[in-house]
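Note that the sequence shown covers residues 1 to 193 in the numbering used here.
Reading through the structure tokens given below for one structure.
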Amino acid sequence: MNKQRKIQPWKHFKTITHHRLLVLCNCFRVGLFWQGLTHDLSKYSPTEFCQGAKYYQGTRSPNAAEREENGYSKAWMHHKGRNRHHYEYWTDMNPQTGRYESVPMPRKYLAEMVMDRIAASKTYEGKAYTDGSPLAYLERARETKLIHSQTRRELLYLLTMLKNQGEKETFRFIRQTVLPGKPFANENETKES
1 MNKQRKIQPW
11 KHFKTITHHR
21 LLVLCNCFRV
31 GLFWQGLTHD
41 LSKYSPTEFC
51 QGAKYYQGTR
61 SPNAAEREEN
71 GYSKAWMHHK
81 GRNRHHYEYW
91 TDMNPQTGRY
101 ESVPMPRKYL
111 AEMVMDRIAA
121 SKTYEGKAYT
131 DGSPLAYLER
141 ARETKLIHSQ
151 TRRELLYLLT
161 MLKNQGEKET
171 FRFIRQTVLP
181 GKPFANENET
191 KES
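Below, the structure written as structure tokens:
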């Protein structure tokens with residue numbers, strides 16, 4: 001069903017810019033300066049921006065509406081292939097099985113993914129946002145089949161920490177444990193869903 005849509009470039013621009021600024025501030029708080037500055041720049045490319053303006057709703061990602069209408073999102077396929085903070089970027093051909101499989105995300109991109117999920121939740125939920133919002137989104141999304149099990153455990157650990165202990169403690173933990181490569185989120189610490 002192809003319904004008439006009002007193209008909203010200004011609103012889309014404001015939304016993605018607001019999102020980027022939230023990610024930038026949070027990345028700076030944990031020491032990811034370059035990633036904060038360059039986060040989601042592909043959203044301003046014609047492939048992503050035009051689709052985002054066309055499918056803009058303000059309460060969720062335009063990619064979802066594009067996907068519902070077309071069965072896929074051209075903007076999302078462009079985006080996930082250019083932004084390493086998305087676990088979908090981290091797939092490769094396994095030489096043993098000959099199949100595409102997920103691989104663990106490097107820690108700096110895992111940390112950026114946490115900042116991205118916080119910012120997306122704040123952007124789309126507004127005043128309804130809580131520190132539990134990013135975890136609730138992960139649990140609703142049922143992403144377990146596509147994300148590497150180690151990355152999922154680590155993400156679940158960090159988003160649970162965010163929910164229970166807040167941003168200040170979670171960001172401290174990211175700075176002092178995650179980014180330096182210290183072990184965390186082992187099998188005994190988190191419950192795999």
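Glycine included, every Cβ here is placed at the ideal spot set by N, Cα and C.
Secondary structure of Thr-97 (DSSP, three-state): coil.
Per DSSP, the beta bridge partners of Thr-91 are Ser-102.
Distances from the CA of Arg-99 to each of Thr-91, Leu-179, Met-115 were compared; the closest alpha carbon is that of Thr-91. The residue among Gln-165, Tyr-124, Leu-138, Met-161 with its C-alpha nearest the C-alpha of Arg-152 is Leu-138.
Ala-119 is the residue among Gly-166, Lys-163, Ala-119 whose C-alpha sits nearest the C-alpha of Asn-26.
Excluding its 5 nearest sequence neighbours in each direction, Ser-42 has C-beta neighbours in its own chain below 7 Å: Glu-48, His-78, His-79, Arg-82, Asn-83, listed in chain order. Inter-residue distance for Pro-62 and Tyr-44 is about 14 Å (C-alpha atoms, whole angstroms). As the crow flies, the alpha-carbon of Asp-40 is around 31 Å from that of Pro-95.
Taking the C-beta atoms as reference points, Lys-11 is found no nearer than 8 Å to Gly-71.
For Phe-184, there is no enclosing alpha helix (DSSP H), as DSSP marks it with neither H nor E.
Closest by C-alpha distance to His-18, out of Lys-168, Lys-145, Gln-165, Glu-125, is Glu-125. Per the coordinates, the alpha-carbon of Phe-28 lies some 14 Å from the alpha-carbon of Phe-173. Secondary structure at Ser-42: helix, using DSSP grouped into helix, strand and coil.
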